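Protein chains in written order, with the UniProt record's numbering: chain W, 1 to 457; chain D, 1 to 457.
2 protein chains.
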Amino acid sequence: MSHIKDYVEANKQRFLDELFELLRFPSVSADSKYKEDVLKTADYIAEKLTSAGADKVEVCPTAGNPIVYGEKIIDPSQPTVLVYGHYDVQPPEPLELWHTPPFEPTVRDGKIFARGACDDKGQMYMHVKAFEVMQNTGGSPCNIKFMIEGEEEVGSENLGLFVKANKEKLAADVVLISDTAMISLEHPSLETGLRGLSYLEVEITGPNRDLHSGVYGGAVANPATILAKMITSLHDENNHITIPGFYDDVLELSKEEREALNKAPFDEAEYKSDLGIDELWGEKGYTTIERTGIRPTLEVNGIWGGYIGEGAKTVLPSKASAKISMRLVPNQQSATITSLFQKHFESIAPKSVKVKVTPHHGGEPAVTPTDSVAYKAAEKAIEESFGKAPIPCRGGGSIPIVALFEKELGLKTVLMGFGLDSDNLHSPNEKYDIANYYKGIETIPLFHKYFSELSKQ
Amino acid sequence: MSHIKDYVEANKQRFLDELFELLRFPSVSADSKYKEDVLKTADYIAEKLTSAGADKVEVCPTAGNPIVYGEKIIDPSQPTVLVYGHYDVQPPEPLELWHTPPFEPTVRDGKIFARGACDDKGQMYMHVKAFEVMQNTGGSPCNIKFMIEGEEEVGSENLGLFVKANKEKLAADVVLISDTAMISLEHPSLETGLRGLSYLEVEITGPNRDLHSGVYGGAVANPATILAKMITSLHDENNHITIPGFYDDVLELSKEEREALNKAPFDEAEYKSDLGIDELWGEKGYTTIERTGIRPTLEVNGIWGGYIGEGAKTVLPSKASAKISMRLVPNQQSATITSLFQKHFESIAPKSVKVKVTPHHGGEPAVTPTDSVAYKAAEKAIEESFGKAPIPCRGGGSIPIVALFEKELGLKTVLMGFGLDSDNLHSPNEKYDIANYYKGIETIPLFHKYFSELSKQ
Chain W
1 MSHIKDYVEA NKQRFLDELF ELLRFPSVSA DSKYKEDVLK TADYIAEKLT
51 SAGADKVEVC PTAGNPIVYG EKIIDPSQPT VLVYGHYDVQ PPEPLELWHT
101 PPFEPTVRDG KIFARGACDD KGQMYMHVKA FEVMQNTGGS PCNIKFMIEG
151 EEEVGSENLG LFVKANKEKL AADVVLISDT AMISLEHPSL ETGLRGLSYL
201 EVEITGPNRD LHSGVYGGAV ANPATILAKM ITSLHDENNH ITIPGFYDDV
251 LELSKEEREA LNKAPFDEAE YKSDLGIDEL WGEKGYTTIE RTGIRPTLEV
301 NGIWGGYIGE GAKTVLPSKA SAKISMRLVP NQQSATITSL FQKHFESIAP
351 KSVKVKVTPH HGGEPAVTPT DSVAYKAAEK AIEESFGKAP IPCRGGGSIP
401 IVALFEKELG LKTVLMGFGL DSDNLHSPNE KYDIANYYKG IETIPLFHKY
451 FSELSKQ
Chain D
1 MSHIKDYVEA NKQRFLDELF ELLRFPSVSA DSKYKEDVLK TADYIAEKLT
51 SAGADKVEVC PTAGNPIVYG EKIIDPSQPT VLVYGHYDVQ PPEPLELWHT
101 PPFEPTVRDG KIFARGACDD KGQMYMHVKA FEVMQNTGGS PCNIKFMIEG
151 EEEVGSENLG LFVKANKEKL AADVVLISDT AMISLEHPSL ETGLRGLSYL
201 EVEITGPNRD LHSGVYGGAV ANPATILAKM ITSLHDENNH ITIPGFYDDV
251 LELSKEEREA LNKAPFDEAE YKSDLGIDEL WGEKGYTTIE RTGIRPTLEV
301 NGIWGGYIGE GAKTVLPSKA SAKISMRLVP NQQSATITSL FQKHFESIAP
351 KSVKVKVTPH HGGEPAVTPT DSVAYKAAEK AIEESFGKAP IPCRGGGSIP
401 IVALFEKELG LKTVLMGFGL DSDNLHSPNE KYDIANYYKG IETIPLFHKY
451 FSELSKQ
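Structure, rendered in structure tokens:
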């Protein structure tokens, strides 16, 4: 272990500089205007994998953004770890809320502020550097395959096709991903589940043009008002979702499982003050940990319609729209929920408007068994490096591809995340603690070590 | 009369060319970036008033956009008509819906398409040309004062101050305005009332930053969802407005008055097909004519929050906002309604969010007596020029300044509008029929003639 620590110590500054260079690429996958930067980002990662000692490194083209592949096969008889990560990031908007530019990484009290600092460039790049560390400290104890994609934030559609088409090439014993959070460095944790996703866009059309709100107001259905009405009706007074059949497939946890889950440290006062809110909100009968972990949700991600410029315009808008996404839990199916939403939303629209529902993308929920060799290896790695066994948690986020790995490659995933919930993922001022970055680089080689050892038993 | 027709006939093309020149100025008062164009528009009108023969023409500066004044005093013993109009226009957005550029007037089957074609440049300029006609066909039978402002679309605040400060200068016997609609050239009508206005902007703030909808979704109140809920609660199942006290001051019309009102020709099938809607909407127990004329309304003019760009962003927004305006009827008071709304909206906000309500501007409703000399003069003018007596109607729009004229100058207003409800006021492809433009120029001198005659009786 000490030689690993020594190597990291000796290369600390370079490891940080390389991450900064990576963070400077505005690789936003949701917006086509960043296409060129996305391609440059893929090339940069390929170059770094090669210089770290990976073989067969290639930037694999897809119908969308390319996938970076690289491998190191030390011995076919040894277990193989498939490392997954993504180099694309969320849009940086709203820009005015960033204290420093999103694509100009800046360090403030030990934290790197930049879009993608944690999700997922910072965490993905830990694996590239951990690989370099292993290559320079006796070599990796397992075979390693890297698969770094550029469309995670928009649904990983092309990765899905890539996986289906390259089952041989991607054959492995486990998938290792750092794209989630732990409670804190003092309370290391391992996520044992992820929520699925169903994302749609809705458009309500009333009159065929914007109208004078004085001449027509009061006599014509206002699409903004109708959309508000329809969105409101999607939750009941207990904040249960009202879409018929929505909860039918939800896997309910046992009393014991819920108790175990709620043992995780959670400070409500700190949680509220961090978010600047006076009161929490959510589905009646569940704790915050449960609402964000084991329960499905429905959120409005964006809403717009009518005049939103400076000043006042007395218009009755022709259209109003919203982006709405639902987080799904085991055993809900993204396709099923998407069509349930679509049917329901169309059915509740009054005759006085037209409604259009357009599915964006989806992903399936996933659960990681805590009794697997891979999970135990992650546990031991964290225990050794943090001096504390990790707490098993359910993550609220979605990595749609995890379910696909299981379906197509028959592989379980270990979610060894080093981020924090407070890292402002998808928000302005996204950050990643430098300490977590280095801690990850030191811990990952231990996972490979224990995965190799435990696999032999 | 014939010599008036002859003069109009002989100058038709020039009258149209001058209006086109006026329409090319993008004099949008709601957006400060058009300030320069607004000033040029005022100068243009001053120049045209002068060349038409008006005296004491001046561009009066205000804290906002200037007011153009001009007069022709033929004989202090004669009645005086104060002509009011406005040269500012609504914002042209959404631009992509215009078939031809909003500030490049274009004629298609006898209609002028341009922002302001009807509201109010086209109708206001009829008075400038009618004045020129009178000057060249024996002179005006009444004294005339022009007051053309540049802030009608944003609340006429500075005009209010100007009127208070210039009561002597503006002394008259009646105010004449063409800024409303008639049913059609076949069914000429005169508006006998206008609705008041209360316009506010609301902002709901949840968490202090945009959040990852997976990590926090389900546990934190979503401002877009809460705003939708609050907006929905402003109407009950009969589309009555739920703000306590909102209807307290509403002047209810008698059964007879309502019957008279509903005698106006109204073709529901044509109304719906013009708007492209399958079903009308509105307050239970009232007809469309009543909903848009004698009943107060509450409309969402704009709504926005969260991610509204291309593609998908799984964000739980920090803020959501809306522009909301209410149309008021006699005897509602704009200030009262504004504070009732503010109090109510703040009171219904759940503890999990913060709410900010910002009043934009307001205006008072107004009614024109149908037994006045001025109204009778307008009736006779229209009857002579259209061959048909005008139908008295209640207008749904607002000209806040009308109530102020009565309060400050003690003057009643005659609303002699030549536009049509289908002229797309405040909408893309605003239009004004060339026939209505010329008809107005021919009819206005008749109003002055009969107002002078009837005043003597």
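The C-beta atom is built at its ideal place from N, Cα and C for all residues, glycine as well. Model, not experiment: these values are computed from the prediction.
Against chain W, does GLY282 (chain D) count as a neighbour if the rule is that its beta carbon must be under 9 Å from one of theirs?
yes
Counting along the chain, where does the beta strand (DSSP E) carrying GLU191 (chain W) start and finish?
189-194
Which residues share a DSSP beta bridge with THR205 (chain W)?
According to DSSP, THR205 (chain W) bridges with W:LYS319, W:LYS354.
To the nearest whole angstrom, what separates the beta carbons of GLN123 (chain W) and GLY417 (chain W), a pair I think is in contact under 8 Å?
At roughly 7 Å, the Cβ-Cβ gap stays under 8 Å, so GLN123 (chain W) and GLY417 (chain W) are in contact.
What do you get for ASP119 (chain D), buried or exposed, if any count of 16 or more other CB atoms within 10 angstroms of its CB means buried?
Answer is buried; the Cβ neighbour count reaches 16.
Once the 5 residues before and after PHE386 (chain W) are set aside, which same chain residues still bring their CB inside 6 Å of it?
PRO188
Please work out which residues of its chain come closer than 7 Å, Cβ to Cβ, to PRO91 (chain W), disregarding the five sequence neighbours upstream and downstream, and give them in chain order.
VAL28, ALA30, ASP31
To the nearest angstrom, how far is the alpha carbon of LYS380 (chain W) from that of SER318 (chain W)?
59 Å
Report the rounded CA-to-CA distance for ASN222 (chain W) versus GLU18 (chain D), giving the unit in angstroms.
Here the alpha carbons of GLU18 (chain D) and ASN222 (chain W) stand approximately 37 Å from one another.
Assuming PHE131 (chain W) and ALA52 (chain W) make a contact with CB atoms under 8 Å, what is their CB distance in whole Å?
5 Å
Could you tell me the alpha carbon to alpha carbon distance between LEU97 (chain D) and ASN429 (chain D), rounded to whole angstroms?
8 Å
Determine the burial state of ASN238 (chain W): buried for a count of at least 16 other Cβ atoms within 10 Å of its Cβ, exposed for fewer.
exposed
When you compare only the Cα positions, how much space is there between PHE447 (chain W) and ALA377 (chain W)?
6 Å
What does a CB cutoff of less than 8 Å around ILE434 (chain W) pick up in its chain, not counting 5 residues either side in sequence?
LEU16, VAL107, GLY110, LYS111, ILE112
Any C-beta of chain D sitting closer than 9 Å to the C-beta of ARG327 (chain W)?
yes
Shorter than 9 Å from the beta carbon of TYR216 (chain D) to some beta carbon of chain W?
yes
The segment 337-357 of chain W: which residues have C-beta closer than 7 Å to a C-beta of chain D, in chain order?
Listed by position along the chain: LYS351, SER352.
Are the segment 439-456 of chain W and the segment 62-82 of chain W touching, with three or more C-beta to C-beta distances below 8 Å?
Enough Cβ pairs lie closer than 8 Å, so yes.
Quick one: grab the DSSP three-state call for ASN301 (chain D).
strand
Go through its chain and collect everything with a Cβ distance to THR287 (chain W)'s Cβ below 6 Å, but skip five positions before and after it.
The beta carbon of THR287 (chain W) sits closer than 6 Å to the beta carbons of ASN262 from its chain, once the five residues preceding and following it are set aside; these are given in chain order.
Counting contacts by CB-CB distance shorter than 9 Å, is GLY53 (chain D) in contact with chain W?
no
Taking the DSSP output, what are the residues bridged to VAL414 (chain W)?
W:LEU176
Please list the partners that LEU411 (chain D) has in chain W, where partner means a Cβ-to-Cβ separation under 8 Å.
Close to LEU411 (chain D), with beta-carbon spacing below 8 Å, lies no residue of chain W; the smallest spacing is near 22 Å.
Alpha carbon to alpha carbon, how far is VAL162 (chain D) from PRO101 (chain W)?
Residue identity check: residue 162 (chain D) is Phe in the sequence provided, not Val. When rounded, the distance between both Cα atoms is 47 Å.
Just how far apart, CA to CA, sit PRO94 (chain W) and GLY150 (chain W)?
Cα-Cα distance, rounded: 22 Å.
Are the beta-carbon atoms of VAL57 (chain D) and ALA46 (chain D) separated by less than 9 Å?
In this structure, VAL57 (chain D) sits near ALA46 (chain D), with a CB-CB distance shorter than 9 Å.
Taking Cβ-Cβ distances shorter than 9 Å, what residues in chain W pair up with ALA10 (chain D)?
By Cβ distance, chain W contributes nothing, its closest Cβ being about 35 Å from ALA10 (chain D), past 9 Å.
I want to see whether chain W comes within less than 9 Å of ARG295 (chain D), judged by CB atoms only; does it?
For ARG295 (chain D), a Cβ of chain W is located within less than 9 Å of the residue's own Cβ.
Under three-state DSSP, which class holds ILE391 (chain W)?
Of the three classes helix, strand and coil, the one that applies to ILE391 (chain W) here is strand, per DSSP.
What residue does the beta strand (DSSP E) around GLU149 (chain W) start on, and which one ends it?
Per DSSP, GLU149 (chain W) belongs to the beta strand (DSSP E) from 143-149.
Less than 7 Å between C-beta atoms, sequence neighbours within five positions excluded: which residues of the same chain meet that for VAL357 (chain W)?
LEU200, VAL202, GLN342, PHE345, GLU346
Give me the chain D residues within the contact set of GLY306 (chain W), using Cβ-Cβ distance strictly less than 8 Å, ordered along the chain.
Result: VAL300, ASN301, GLY302, ILE303, LYS323.
Check distances from the C-beta atoms of the segment 91-115 of chain D to those of chain W and list, in chain order, the residues that come in under 9 Å.
PRO91, GLU93, PRO94, LEU97
Between the segment 266-277 of chain W and the segment 311-331 of chain W, are three or more C-beta pairs nearer than 8 Å?
The segment 266-277 of chain W is not in contact with the segment 311-331 of chain W.
Mind checking who PRO359 (chain W) pairs with in its DSSP beta bridge?
W:LEU200
I'd like to check one pair, GLU364 (chain D) with SER334 (chain D): are the Cβ atoms closer than 9 Å?
One thing to note: SER334 (chain D) has its Cβ within 9 Å of the Cβ of GLU364 (chain D).
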